[in-house]
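Accompanying notes for the structure given below.
2 protein chains.
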Amino acid sequence: MRKKKYSIGIDFGTESARSLLVDIANGEEIATSVYVYKDGVLDEFLPDGKTKLKPDFALQNPEDYITALKVTIPDVLKKSRIKPEDVIGVGIDFTSCTMLPIDKDDNPLCFSEKFKKNPYAWVKLWKHHASQPEADLINEIANNRGEKFLQRYGGKISSEWFFPKILEMLRHSPEVYDKAHKFIEAGDWIVLKLTGKEKRNLCSAGYKAMWDKHSGFPSKDFFKALDPRMENVIDEKLSDKIYPLGEKAGEITSEMSELTGLLKGTAVSVSIIDAHAAVPASTVTDTGKMVMIMGTSICHMVLGNELKFVEGQCGVVEDGIIPNYFGYEAGQSAFGDIFAWFVKNFIPNEYQNEAKKRKIDIHSLLEEKASNLKPGESGLLALDWWNGNRSILVDADLNGLIIGLTLTTKPEEIYRSLIEATAFGTNKIIKTFENYNVPVNEIYACGALPEKNKLLMQIFSDVTGREIKTVLSSQTSALGSAIFGAVAGGKKRGGYNSIKEAVKNMAHLKNEVYKPIPKNQKIYAQLFKEYESLHDYFGRGANDVMKRIKKLKQNVIKTNIQ
Amino acid sequence: MRKKKYSIGIDFGTESARSLLVDIANGEEIATSVYVYKDGVLDEFLPDGKTKLKPDFALQNPEDYITALKVTIPDVLKKSRIKPEDVIGVGIDFTSCTMLPIDKDDNPLCFSEKFKKNPYAWVKLWKHHASQPEADLINEIANNRGEKFLQRYGGKISSEWFFPKILEMLRHSPEVYDKAHKFIEAGDWIVLKLTGKEKRNLCSAGYKAMWDKHSGFPSKDFFKALDPRMENVIDEKLSDKIYPLGEKAGEITSEMSELTGLLKGTAVSVSIIDAHAAVPASTVTDTGKMVMIMGTSICHMVLGNELKFVEGQCGVVEDGIIPNYFGYEAGQSAFGDIFAWFVKNFIPNEYQNEAKKRKIDIHSLLEEKASNLKPGESGLLALDWWNGNRSILVDADLNGLIIGLTLTTKPEEIYRSLIEATAFGTNKIIKTFENYNVPVNEIYACGALPEKNKLLMQIFSDVTGREIKTVLSSQTSALGSAIFGAVAGGKKRGGYNSIKEAVKNMAHLKNEVYKPIPKNQKIYAQLFKEYESLHDYFGRGANDVMKRIKKLKQNVIKTNIQ
Chain A
0 MRKKKYSIGI
10 DFGTESARSL
20 LVDIANGEEI
30 ATSVYVYKDG
40 VLDEFLPDGK
50 TKLKPDFALQ
60 NPEDYITALK
70 VTIPDVLKKS
80 RIKPEDVIGV
90 GIDFTSCTML
100 PIDKDDNPLC
110 FSEKFKKNPY
120 AWVKLWKHHA
130 SQPEADLINE
140 IANNRGEKFL
150 QRYGGKISSE
160 WFFPKILEML
170 RHSPEVYDKA
180 HKFIEAGDWI
190 VLKLTGKEKR
200 NLCSAGYKAM
210 WDKHSGFPSK
220 DFFKALDPRM
230 ENVIDEKLSD
240 KIYPLGEKAG
250 EITSEMSELT
260 GLLKGTAVSV
270 SIIDAHAAVP
280 ASTVTDTGKM
290 VMIMGTSICH
300 MVLGNELKFV
310 EGQCGVVEDG
320 IIPNYFGYEA
330 GQSAFGDIFA
340 WFVKNFIPNE
350 YQNEAKKRKI
360 DIHSLLEEKA
370 SNLKPGESGL
380 LALDWWNGNR
390 SILVDADLNG
400 LIIGLTLTTK
410 PEEIYRSLIE
420 ATAFGTNKII
430 KTFENYNVPV
440 NEIYACGALP
450 EKNKLLMQIF
460 SDVTGREIKT
470 VLSSQTSALG
480 SAIFGAVAGG
490 KKRGGYNSIK
500 EAVKNMAHLK
510 NEVYKPIPKN
520 QKIYAQLFKE
530 YESLHDYFGR
540 GANDVMKRIK
550 KLKQNVIKTN
560 IQ
Chain B
0 MRKKKYSIGI
10 DFGTESARSL
20 LVDIANGEEI
30 ATSVYVYKDG
40 VLDEFLPDGK
50 TKLKPDFALQ
60 NPEDYITALK
70 VTIPDVLKKS
80 RIKPEDVIGV
90 GIDFTSCTML
100 PIDKDDNPLC
110 FSEKFKKNPY
120 AWVKLWKHHA
130 SQPEADLINE
140 IANNRGEKFL
150 QRYGGKISSE
160 WFFPKILEML
170 RHSPEVYDKA
180 HKFIEAGDWI
190 VLKLTGKEKR
200 NLCSAGYKAM
210 WDKHSGFPSK
220 DFFKALDPRM
230 ENVIDEKLSD
240 KIYPLGEKAG
250 EITSEMSELT
260 GLLKGTAVSV
270 SIIDAHAAVP
280 ASTVTDTGKM
290 VMIMGTSICH
300 MVLGNELKFV
310 EGQCGVVEDG
320 IIPNYFGYEA
330 GQSAFGDIFA
340 WFVKNFIPNE
350 YQNEAKKRKI
360 DIHSLLEEKA
370 SNLKPGESGL
380 LALDWWNGNR
390 SILVDADLNG
400 LIIGLTLTTK
410 PEEIYRSLIE
420 ATAFGTNKII
430 KTFENYNVPV
440 NEIYACGALP
450 EKNKLLMQIF
460 SDVTGREIKT
470 VLSSQTSALG
480 SAIFGAVAGG
490 KKRGGYNSIK
500 EAVKNMAHLK
510 NEVYKPIPKN
520 QKIYAQLFKE
530 YESLHDYFGR
540 GANDVMKRIK
550 KLKQNVIKTN
560 IQ
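So the sequences go chain by chain: A and B. Quick note: the first sequence uses numbering that gives the first Met the number 0, first residue 0, plus one each step. Quick note: the second sequence uses numbering that gives the first Met the number 0, first residue 0, plus one each step.
What follows is the structure, encoded as structure tokens:
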């Protein structure tokens, strides 16, 4: 019998990082270790506890990332009792765009005495939104110049992305900009630290930095138009060498061997965005299969054979998820957090007591009560825009709506209508992909909610009219990284030479498959027509009441603060 | 010093009747007595507990009315220690249209052996809705014939009214129709019992039986078109003698003297509808002053000098509330019950516990929290159609809507938006009256909610831009009846010769006056524009989604029952 080999996937999330040690032969998850970042999300003060941050800041301390490596890798080795020589590869996934300025020695600028009190020298987390004015400017200039790259991003660049964050830094703290040797994605920085090699990943470059395989980054002229000082930003502060997924970035250095307990020379794969790593972990390596990562929001990913400029998509990147395919990404900006909002604020004593008495949680009680309703029976219809609309309207100023309320409307009816609304939102995205000839034949769901809430999955199946398969792993991003680690290790060492081969062996689905129920589909088709008409009426300018009442709210709050 | 004189107002409500003994000189409320109907609202079985009623039935037992007289009048005499000879008049108000068939001896047909098991022989309460098909037919035929009376009722006859109830009886139980000597409003029947005289009141005839001072009841041709057997319904089963408000109907008979303890010969006034009795009790006897009776729903009444066919009004009746004025009535079909719905179903533990700890009720807690918000601050806007829309759209199939929901929306924000929505609904009614040149210069509020909820009154004032006065009495209908009783008694006996004179002395306001706050008005003007645009979009046919999802709901429920 051949000796078992292993890979480790390291998933850097928003609040913590997780290492997952996996059996390469079958994907069995042998050991997990989680490190909760000491400094978490910095949105009020720098770690000194004194330096106050402006509104909409969200920073991190890169120290936390290194500590995560130092803690979690030895921990999974210890827990699993696997010898380091049997770990043939490591894969990294990271939130994105999470980026930082580094010096010539690859150290974060924020570690230096000179810049440690300068917020602009720290890691900007993906959800740092203070660069909205810069994003607006980039969009305006790109639009005026007719920049073609906009098409690949649903017509709009987000404040969460790479260049708005750099431009913000340049405008507010030019000394950080000047002093920065490089700006780099945190995932690429971890790879650089582990291997000593700068191998920027195609996934982040494509989805967050407007890079494309054929045309590269935006032109010098474009950057010059943003700010003359940025004309040569690519040459001076980045690298135009971009590496595809699954490629080996390098090997663990001596220093990192000491820190992690892994052998020097262990293969490390090129980094990937956390959400995108879930696609191979969901068994998906070809077209027609939409992966839904269902958390507080939903991320929708699907592969296609051709380049299409789909309305309101977050991005399309050639080779961006799986090489040789166009990777499409779309999303709904609220999902699980809508249910959390409802459960936190609007559940009466009577229900709380019932749940307590029966020793079930309130979500389960609501699911049970909502399951007793038939489609259409609540008489309610909602627009799922509690946190704006990402795809396909790309409009953060939209907000939620419920229609059909009566004196007999019950909490479980609203709960069900909220589930239905999120399913309609997903269906709208699917229909839009289809209108642009990007087929979506079946759905693969991963995340905590699909596991817990069968009603939710059945409604998604009924509304979309598609089979939904659920992914076996509950740590999909980390598993995806372990798959890339196994590919970086390569066949010779006991890994794989291709992503498809690795996926075939290491990624698995549950037996559970949700199939659309025809009579439910029929009713939901009627309701979806109503959803679409409200979607267009409130979302496409016929009545901008949502924006006006939001604006009014902001003005009232501003006036009262002054 | 002249000897004090008193009158008694008897208010027949839905669940109970109340007698109020009042000092005629100043309206001081000396004693009250309430009788809760033994049989209450019969909506499942007749009082035998065996005879099952069809859906949408709402009947009453006239025995309960007689018992109410027998119990409450002696009780107020006893409590007040007033001698019967000092009670110079009695006034009656009653829910309407609450009607019954009686025999030649003025006894309810349902008292007879032959008909006591026939539901059609019992009192039909105002909210008996089983005559909807007959109301539909009446509307269709009246429309086709171009009957002018429709104009006075916002273009639509309600199933709650007099002739739909008669037509239903005729179609379902012609033997009751044949045997009935008369059909009569319950209020008029009580007057008939007390005095031995049939004196039908103008208020009910005008608002509920399509009667008009100039044209009388609808024509024989019209009734014939409904059903040939009804051609002579007025001559055969009613009376075309209609008596104005404030008039003395007759005097207490020997029999009734014995039953009530009042002296034989005590004056009894012509009956009035309960809501309408609140107008004089609110001090209002002339134009420009809208009385809002704020309970589970809102009834809006205002006097005018000219006949106008206001869109969506419930009715306009010359002399209908105060003689020599056109009495206009409009309404919102849900008000207090919206807040009751919200508080019952959507208040989290945290708030319940806070209210408990601070020993305040949950409404007060919500009012307090909502008071801390500025107009516009919630970012929410609602349509107050939880129970359909009475005025001005006259459409029971509309339903409630909330827009502007976000992940940070709090219960008190929704609570406040619901108050605002009902205020917008009232403002829409006021604007409509104004558009038809029926002026509304100030508002008089009565009911339990205005007393309890200052925030609510301030919002109504800010939204409508009008001063709101609150009525002193919390028993406005009964006080109104006592006022009419004092007028029926007449000046000679120590009462009054005119309604205005009686009102001047007997009706009072609180010192509390709510005045619009200009900066709030400005914001609410913006929000009201948004309310109006949603009102018209969802209420006037541009998008009938509310009706379609209601229909779908009804179909789903029906299919599941079968």
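Just so it is clear, CB atoms sit at the ideal spot from N, CA and C, and this is done for glycine as well. All of these numbers come straight from a predicted model, not from anything done at the bench.
Taking the alpha-carbon positions, what's the residue i to residue j distance?
i: L302 of chain A; j: H534 of chain A; result: 26 Å
i: G403 of chain A; j: T405 of chain B; result: 18 Å
i: K53 of chain B; j: N436 of chain B; result: 44 Å
i: T407 of chain B; j: S18 of chain B; result: 50 Å
i: S157 of chain A; j: G493 of chain A; result: 41 Å
i: N348 of chain B; j: N348 of chain A; result: 6 Å
i: T431 of chain B; j: E531 of chain B; result: 12 Å
i: A120 of chain A; j: E14 of chain A; result: 20 Å
i: F338 of chain B; j: S296 of chain B; result: 11 Å
i: S256 of chain B; j: V290 of chain B; result: 35 Å
i: G205 of chain B; j: A420 of chain A; result: 48 Å
i: S497 of chain A; j: T463 of chain A; result: 32 Å
i: N426 of chain B; j: F459 of chain B; result: 8 Å
i: K373 of chain B; j: L225 of chain A; result: 40 Å
i: Y350 of chain A; j: K358 of chain A; result: 12 Å
Is the separation between the beta-carbon of residue i and that of residue j shorter than 7 Å?
i: I522 of chain B; j: G375 of chain B; result: yes
i: Y513 of chain B; j: Q457 of chain B; result: yes
i: L366 of chain B; j: L454 of chain B; result: Residue 366 of chain B is actually Glu in this sequence, not Leu. Yes.
i: K236 of chain B; j: I251 of chain B; result: no
i: G446 of chain B; j: I292 of chain B; result: yes
i: L108 of chain A; j: Q59 of chain A; result: no
i: G249 of chain A; j: T194 of chain A; result: yes
i: S486 of chain A; j: T284 of chain A; result: Just to set this straight, residue 486 of chain A is Val in the shown sequence, not Ser. No, they are not a contact pair.
i: E412 of chain A; j: L379 of chain A; result: yes
i: G326 of chain A; j: G319 of chain A; result: yes
i: D396 of chain B; j: K546 of chain B; result: yes
i: G424 of chain B; j: Q520 of chain B; result: no
i: S476 of chain B; j: D273 of chain B; result: yes
i: P163 of chain B; j: S130 of chain B; result: yes
i: A369 of chain A; j: Y414 of chain A; result: yes
i: I7 of chain B; j: V70 of chain B; result: no
i: T469 of chain B; j: P449 of chain B; result: yes
Within 6 Å: the Cβ of residue i and any heavy atom of the ligand ZN?
i: G88 of chain A; result: The ligand ZN is not part of this structure, which contains no ligands at all.
Three Cβ pairs or more, each shorter than 8 Å: is that satisfied between the stretch 73-87 of chain B and the stretch 144-162 of chain B?
no
Name, going along the chain, the residues of the stretch 313-333 of chain B whose beta-carbon falls closer than 9 Å to a beta-carbon of chain A.
Flagged, chain order: A333.
Are there three or more Cβ pairs, one per stretch, closer than 8 Å when the stretch 333-344 of chain A is compared with the stretch 505-515 of chain B?
no
Is there contact here, the stretch 226-245 of chain B with the stretch 196-216 of chain B, by at least three beta-carbon pairs under 8 Å?
yes
State whether the stretch 31-42 of chain B contacts the stretch 84-102 of chain B, with contact taken as three or more CB pairs (one from each stretch) at a distance under 8 Å.
Counting Cβ pairs under 8 Å, fewer than three are found: no touch.
With 7 Å as the limit, tell me which residues of the stretch 386-417 of chain A have their beta carbon closer than that to any beta carbon of chain B; keep them in chain order.
Flagged, chain order: N386, N398, G399, L400, I401, I402, G403, L404, T405, L406, K409 and P410.
If you measure beta-carbon to beta-carbon, which residues of the stretch 356-377 of chain B are closer than 8 Å to chain A?
K373, P374, G375, E376 and S377
For the 8 Å Cβ check, are there 3 or more pairs between the stretch 130-138 of chain B and the stretch 189-204 of chain B?
no
Where in the stretch 30-108 of chain B do unbroken runs of the beta strand (DSSP E), each at least 3 residues long, occur, reported from the N-terminal end onward?
86-93 and 98-101
Residue ranges of each alpha helix (DSSP H) run of no fewer than 4 residues wholly in the stretch 415-501 of chain A, ordered along the chain?
447-451, 453-463 and 475-488
Check each residue of the stretch 447-459 of chain B: if its Cβ is closer than 7 Å to any Cβ of chain A, include it; give the result in chain order.
Cβ proximity to chain A below 7 Å picks out nothing from the stretch 447-459 of chain B.
Short-range partners of chain A found in the stretch 547-560 of chain B, where Cβ spacing is below 7 Å
Along the stretch 547-560 of chain B, the positions whose C-beta sits under 7 Å from a C-beta of chain A are R547, I548, K549, L551, K552, V555, I556 and N559, read in chain order.
Check distances from the C-beta atoms of the stretch 341-354 of chain A to those of chain B and list, in chain order, the residues that come in under 8 Å.
Under the 8 Å Cβ criterion, the stretch 341-354 of chain A contributes K343, N344, F345, I346, P347, N348 and Q351.
Which runs of the alpha helix (DSSP H), 4 residues or longer, sit entirely within the stretch 226-305 of chain A?
232-236, 253-259 and 273-280
Within the stretch 172-198 of chain A, note down every full beta strand (DSSP E) run reaching 3 residues or more, in order along the chain.
For the stretch 172-198 of chain A, the full-length beta strand (DSSP E) segments reaching 3 residues or more read 181-184 along the chain.
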